[in-house]
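First the structure, in the form of structure tokens, and then the observations on it.
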Amino acid sequence: MAQVVVTGGGGFIGSHLIGALLTRGDEVTVIDLCEDIPWRLSHLSGRGNLRYVAADVRDRQKCEEAIPGSCSKIFHLAAVVGVRNYCSDPLETIDTNIGGLRTILGAALLRGSKIIFASTSEVYGKNSKVPLGEDSDRVLGPTSIDRWSYGSSKAICEHMLFATHRKHSLPMVIVRLFNAYGPRQKPIFAIPAMIDEVVNGRGPRVYDSGEQTRCFTFADDVIEGILRASERPLAEGQAFNIGSSQEITMASLARKVIDVGGKSGELEPRFVDTKGIYRSYEDPSRRVPGVSRAKEVLGWAAKTSLDTGLRKTFEFVRMEIDQERG
Ligand SMILES: NC(=O)c1ccc[n+]([C@@H]2O[C@H](COP(=O)([O-])OP(=O)(O)OC[C@H]3O[C@@H](n4cnc5c(N)ncnc54)[C@H](O)[C@@H]3O)[C@@H](O)[C@H]2O)c1
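The number in this note's numbering is simply the position in the sequence shown, starting from 1, with 40 added.
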């Protein structure tokens, strides 16, 4: 039975990952901020091989106590996530993302644990020469634009990991996630926000022209990619794009959400100017992952179509609403 740690495990990706790790029989220690086990893990809380520790990942002492000496893998997911969050507090974003990794690096080196680091397509910034290969350039906007604080901090984390891998032979792998979505995601993200609006009879909001594109990747596929990256010896010391190749404009996504939600003809997308929402904002125009490395080394490609993933996410949201109504 492997001893593994998931930081930020009370979040959206963590809840799916932990479910999969427990099913494989791993002993999982979760580190997150909530005092009590987070609601996203409540469906797993009876499992004997799950242990929850409330700690800030920047708190070296608490993390040292929480991480078992025999821990083989640390899935480091704890981060400030979501455009709204990192634009509203870039200092906290930078401090959590970089300070948190520093703690985890120290703990992993002491124990010989492998780090699986959740990075992001945001490290490519606004490079629109798609598909984006793992060695594509980072094209970032000016540092006066808060939006780039998240991608920049994750990029520094990647530098720290590559450097520690080379200097101290730290076993590590980096997964760059591309717009993950699925059940249990906060409605500050595009798809759950649109679903929430459609379920409540409002047209889904689309920022600016809606011509910007993304590749949305369903949670089950993301978890499969993370697990494969964590297991394949050949993956060590590398970064992998974990993203679907199904590119869609945000305006088309809004129409699809309306359609899958059964509200075609009733609702229309609502276009919103981001200048009225964010103090300083820029948005990448296209974002499509190159997935050849993930295919070759991990044998991974996203399998879930956007229609199927949206249907499953809608089902989950409706089930939650039914449960709330009793
Ligand atoms: N969801 C996506 O589309 C996406 C895309 C790219 C990368 N990622 C990365 O995947 C990881 C997980 O993202 P998510 O979507 O599950 O986000 P999430 O916000 O749902 O989960 C992040 C978790 O980290 C915890 N956390 C934040 N600060 C912490 C701290 N100081 N100490 C301990 N825990 C802390 C939060 O409480 C939360 O439970 C993050 O590292 C994120 O950058 C996610």
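Every residue gets a Cβ at the ideal spot worked out from N, C-alpha and C, and that includes glycine.
| Item | Value |
| --- | --- |
| Ligand 1 heavy atom lying under 7 Å from the CB of Lys226 | yes |
| Cβ neighbour criterion (16 or more within 10 Å) applied to Trp340 | buried |
| Cys197, enclosing alpha helix (DSSP H) - first and last residue | 188-208 |
| Option in Gln278, Asp362, Asp248 with minimal Cα separation from Arg310 | Asp248 |
| Three-state secondary structure assigned by DSSP to Glu75 | coil |
| Arg245 beta carbon less than 8 Å from that of Ile288 | no |
| Rounded straight-line distance, which links the Cα of Cys197 to that of Thr204 | 11 Å |
| Top-ranked residue by Cα proximity to Ser159, from Phe218, Leu150, Arg98, Gly109 | Phe218 |
| Contacting residues, own chain, Cβ-Cβ under 6 Å from Gly49 (five flanking each side not counted) | Ile58, Val70, Asp72 |
| Pair within 8 Å by beta-carbon distance, Glu162 and Ala279 | no |
| Beta-carbon proximity list for Val297, same chain, < 8 Å, skipping 5 on both sides | Ile231, Met234, Ile235, Val238, Pro244, Leu350 |
| Local Cβ density within 10 Å of Asn137, reported as buried at 16 or more and exposed below that | buried |
| Contacts around Gly222, its chain only, beta-carbon distance under 6 Å, and the 5 residues preceding and following it disregarded | Phe258, Ala259, Thr353 |
| Cβ contact (3+ pairs, closer than 8 Å) linking the region 134-153 and the region 168-183 | no |
| Contiguous alpha helix (DSSP H) assignments of at least 4 residues, all confined to the region 122-191 | 123-128, 130-134, 140-151 |
| Reduced DSSP category for Cys103 - H, G, I as helix; E, B as strand; rest coil | helix |
| First through last residue of the beta strand (DSSP E) which encompasses Leu217 | 212-217 |
| Thr136: CB within 7 Å of a non-hydrogen atom of ligand 1 | yes |
| Cβ-based burial, Gln101 [other Cβ within 10 Å; buried from 16] | exposed |
| Cβ-heavy atom distance, Pro329 to ligand 1, below 7 Å | no |
| Nearest-angstrom Cα separation, counted from Arg295 out to Trp188 | 28 Å |
| Validate contact between the region 109-117 and the region 144-158 using beta carbons, cut 8 Å, 3 pairs | yes |
| Val44 versus Ala269: straight-line alpha-carbon distance, rounded | 15 Å |
| Distance, Tyr126 Cα to Val120 Cα | 7 Å |
| Distance between Ser82 and Cys111 (C-alpha atoms, nearest Å) | 24 Å |
| 7 Å Cβ shell around Thr344 - same chain, five flanking residues per side excluded | Phe258, Asp260, Asp261 |
| Where Val312 sits in the DSSP three-state scheme | strand |
| Own chain, CB closer than 8 Å to Val300, minus 5 neighbours either side, in chain order | Asp347, Leu350, Arg351, Phe354 |
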